[in-house]
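Protein chains: 2
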Amino acid sequence: MAEVLRQLFLLLLAAKIGDEVFKRLGQPPVIGEILAGVIVGPAVLGWYEINAETMLFAEIGVVLLLFQVGVETRLHDLLRVGPTALAVGALGVVLPFAGGFALAGVLGSPLSVAVFLAAALTATSVGITSGALRDLGALNARSGRVILGAAVIDDVLAMLILAFASGLAAGNVALDELGLLVVVALLFIGIVLIGGTRILARRRSLLTDPVFAATPFLPGMIIMLGLAALATQIGLAAIIGAFLAGMVVGESSERHALEAEVAPVAAFFTPFFFGFIGAQVDLVGLADIGVILLVVGVTVVAVATKFIGAFFGAIRLGRAEATLIGWGMVPRGEVGIVVAGLGLQVGAIEGELYTVVVAMAVITTLIVPPLLPMLVRGASTSSESDARPTSGPTPGVEDDADGMPNARRDHRGPT
Amino acid sequence: MAEVLRQLFLLLLAAKIGDEVFKRLGQPPVIGEILAGVIVGPAVLGWYEINAETMLFAEIGVVLLLFQVGVETRLHDLLRVGPTALAVGALGVVLPFAGGFALAGVLGSPLSVAVFLAAALTATSVGITSGALRDLGALNARSGRVILGAAVIDDVLAMLILAFASGLAAGNVALDELGLLVVVALLFIGIVLIGGTRILARRRSLLTDPVFAATPFLPGMIIMLGLAALATQIGLAAIIGAFLAGMVVGESSERHALEAEVAPVAAFFTPFFFGFIGAQVDLVGLADIGVILLVVGVTVVAVATKFIGAFFGAIRLGRAEATLIGWGMVPRGEVGIVVAGLGLQVGAIEGELYTVVVAMAVITTLIVPPLLPMLVRGASTSSESDARPTSGPTPGVEDDADGMPNARRDHRGPT
């Protein structure tokens, strides 16, 4: 226990020093936290070793981040951007998947490797982009909602690809089982979203009716853990369950009390998530020119296919917003790492390709936040000149009565 | 990860249902949370299995609870009750230790068993009492401070006894090493408390000077984890480090922002601690009349010796306050369980005695909170009739400018 406390201390301290340095340099603090993880992790200093306990904190960190994002997202706003999100999600999966296959063909990899590489390229880490967009107060703009909706669709498709890849590695692919998986996943999302928000919209005090709950905070945490667990059980990512839980709980009458209480809990946990991502980097494995070239190749394919797919999916919103959305879908983050780890575990890919995919996941994660402020400004300027009040973080599009800006206040909640 | 999320969900849900039921019955919610842990744990339903991940949440839960208590405690208030706390701590260790030895003599146990039994009887779990006193808004009364101060002294002595017991089990007891341990522990406590509070008292904005910190919350969490880790490193309990960290950080100028942000984090984690304590109960091991008699005997000795020792240590404050303090020191909670587990690990005690000690720890924990409201009323009435304004939770004794009551608000923080 002493060792775990020491590691949690170290990771939190390092992440916050990274945050401090990057804020002072005017750069995205998320990047500072990830690089701090690289430095204290096995790649450089080796003070922090990856273990089950700190992994749990990292996982709860991203679960809380998406829960928080869910609380700030309303269902009808998400449904309004539904068709665009569907196009972005689908094209943003198909192109990277095809790119991964093509790349594996060039490398002469067998089919099982090709499928895992393709699966790792399709994954989108919505945690990174939504964290950075919250920092910019741009999460509730139309483009932020498209990215969130596309991420949900993306995850359903990624689950399908991963089940297919795992089946292929195990030697049997049952198409009827794959179909069942998708139906169950869509039913889960539909029932939770429509059913959950309906129930809470009808009785907005439901979460504060119990004697133990003066605010919806603890009931919300219970629902978050429950839906995150249920999502993983049916093959979806835990963060999708947490995001849905946040959207449902956000219907409560005491939503602002809830937000004020979720903020410090999320601020405590999320640095573990970002630091943990950095700690995955293996610099020793990258000390080979062949591997470096492979990383460059895989990363270029990953960025280009995802950006182009998502861009064309969102093109009807105009070039500026489509560029923001395409760029926002690029980070692979923890999802890419998890997929590669799964491939390693079932024996489909070997150590070197794992290192390459992790490096690609971290690089795609690091390059996105620095460009977001510019793209957000571009998207909001262009939509203003189009006289389209539904894009850009203007109070007019908020469905909140108070029009409170949803900026993340640097991870810190009530000040 | 799916399994861990499921278990966290289950434990939190169960604890909050226990909380709800006990609040509706007008009973202490802490007991409801512990009993919920008994029910979902291995003893009854077996839905929750003890594992490293949920243990970590339990540990962080009690660490946060003591941090929160530390934030609400001021150094000069603790020093003011210093001599009484010293007497309570010392007598509250000596008597149970002697009682444990006598009991082992009656049972005919060898010396190594006797020392571990005695060590388990001396342990005090300040988490339970301070949690219950916070619920009653009585933590800042003089008696609450005596209990907190005595718990710190208690832990230093318990560490000494445990080091002695472990040395005995390993076959060598080095007296000079024991002396060094105590010196290091006292230096740690002294330097952190006096040095830390001095530094912060001189520059109250220190924790909010970094750009990343608008409130002392995240710097406070870093210091809490660091001092908790350091405390365990030198042989003290993690909660002692967390308590000291809270006292230091509580000197910050932004203390109320800090309290508002710590509250939800503590409210999220502490149910795992109480539920976890309940889950330790092994009803199968207790299904033997001999074992039950042993539990009764050990529990009676544990309650009587701790109560009498602490009572006489505090007798100069009058009988009513001495009764409250004596009773408040009775819970053995997680500390007793940890000591017994250590004895099991080094082979000094066997499975049956372990079960007995755990049962004693849980029983002493369950019996304390129900009587506390009555004893708090008694102590505050008697001290009012003595015209002693320094006892009882009256605004006059608060060093806070605002005299805000420190009630725990049912785990919930800002409402």
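These protein sequence lines map, in sequence, to chains U and C. Residues in the first sequence are numbered from 101 upward in steps of one, following our numbering. Residues in the second sequence are numbered from 101 upward in steps of one, following our numbering. Glycine residues also receive a C-beta, built at the ideal position from the N, C-alpha and C atoms. Predicted model only: the values in this text are computed from it and were never measured.
Interface flag, C:E359 vs chain U, CB-CB below 8 Å: For C:E359, the answer is no, since every Cβ of chain U falls outside 8 Å of its Cβ.
Coarse secondary structure for C:E149, derived from DSSP in three states: coil
Burial state of C:Q107 (16 or more Cβ within 10 Å): Buried: at least 16 other Cβ atoms inside 10 Å.
Within-8 Å CB hit, C:D119 to chain U: yes
Rounded separation between U:V169 and U:P431 - CA only: 17 Å
Secondary structure of C:T405, DSSP reduced to three states: Assigned with DSSP and collapsed to three states, C:T405 falls in helix.
Local conformation of U:D382 per DSSP, three classes: coil
Beta-carbon gap between U:T338 and U:E159 smaller than 8 Å: In the sequence under discussion, the amino acid at residue 338 of chain U is Ala, which differs from the Thr named in the question. Taking 8 Å as the Cβ cut-off, U:A338 and U:E159 qualify as a contacting pair.
Secondary structure of C:A387, DSSP reduced to three states: DSSP places C:A387 in coil when its eight states are reduced to three.
Closer than 8 Å to chain U by CB, C:Q127: It does not; no Cβ of chain U falls within 8 Å.
Residue closest to U:G161, alpha-carbon to alpha-carbon, out of U:R302, U:L325, U:V121, U:A420: U:L325
Segment limits, alpha helix (DSSP H) that includes U:G350: It is not in any alpha helix (DSSP H) - U:G350 carries neither H nor E in the DSSP assignment.
C:A592 at chain U interface by Cβ criterion, 8 Å: Since the first and last residues shown for chain C are 101 and 515, residue 592 of chain C lies out of range.
Contacts that U:E450 makes with chain C (C-beta to C-beta distance below 9 Å): Neighbours of U:E450 on chain C: none; closest Cβ ~24 Å, over 9 Å.
Per-residue contacts from U:I392 into chain C (C-beta, under 8 Å): Residues of chain C with a Cβ closer than 8 Å to the Cβ of U:I392 do not exist; the shortest Cβ-Cβ separation is about 31 Å.
Any C-beta of chain C under 8 Å from that of U:K406: Not one chain C Cβ lies under 8 Å of U:K406.
DSSP three-state assignment for U:L156, whether helix, strand or coil: helix
Alpha-carbon to alpha-carbon, C:E351 and C:H176: Each residue's alpha carbon lies about 11 Å from the other.
Reference C:T423; option with closest CA among C:A214, C:G118, C:S243: C:S243
Buried versus exposed, by CB contacts within 10 Å (16 or more), C:I516: Past the boundaries of the shown model lies residue 516 of chain C; chain C is included only from 101 to 515, so the question cannot be answered.
Backbone CA spacing between U:A386 and U:F369 [nearest angstrom]: Here the sequence assigns Leu to residue 386 of chain U, which means Ala is not the residue at that position. Put simply, the backbone Cα of U:L386 is about 29 Å away from that of U:F369.
Listed by chain order, chain C residues near U:I322 by CB distance under 8 Å: F109, L112, L113, K116
Within-8 Å CB hit, C:R508 to chain U: In this prediction, C:R508 has a pLDDT of 38, which is less than 50 and means its spatial position is unreliable; what the coordinates show is noted afterwards. So, not an interface residue.
Nonlocal neighbours in the same chain, by C-beta distance under 6 Å from U:I437, ignoring five residues either side: Q380, V458, A461
Spatial distance of U:R174 from U:M347 (CA atoms): 6 Å
Contact set between C:V365 and chain U, taken where Cβ atoms lie within less than 8 Å: P364, V365, F368
Amino acids of chain U, ordered along the chain, whose beta-carbon sits closer than 7 Å to that of C:F376: Per Cβ cutoff of 7 Å: no residues; C:F376 is ~13 Å from chain U at best.
Three or more C-beta pairs below 8 Å linking the region 127 to 146 of chain C and the region 350 to 364 of chain C: no
Burial state of U:I150 (16 or more Cβ within 10 Å): Burial is judged here by how many other beta carbons sit within 10 angstroms of a residue's own beta carbon; U:I150 has fewer than 16 and is exposed.
Minimum C-alpha distance to C:V301 - residue among C:L217, C:K116, C:E172, C:V349: The question names Val, yet the displayed sequence has Ala at residue 301 of chain C. C:A301 has its Cα closest to that of C:V349, out of C:L217, C:K116, C:E172, C:V349.
Closer than 8 Å at the beta carbon, the chain U residues around C:T332: M101, A102, L105
Chain-ordered chain C contacts of U:G326 [CB-CB under 8 Å]: Ordered by position in chain C, the residues that pass the 8 Å Cβ test against U:G326 are F109, L113.
Buried or exposed (CB count within 10 angstroms, at least 16 for buried), C:T229: buried
Neighbourhood of U:V435 by C-beta, 6 Å cutoff - its chain only, sequence neighbours within 5 removed: A223, S225
Sufficient close CB pairs (3 or more, under 8 Å) joining the region 109 to 129 of chain U to the region 305 to 323 of chain C: Yes: at least three Cβ pairs fall under 8 Å.
Spatial neighbours of U:L191 in its chain, beta-carbon cut-off 7 Å, leaving aside the 5 residues before and after: G409, A410, F412, G413
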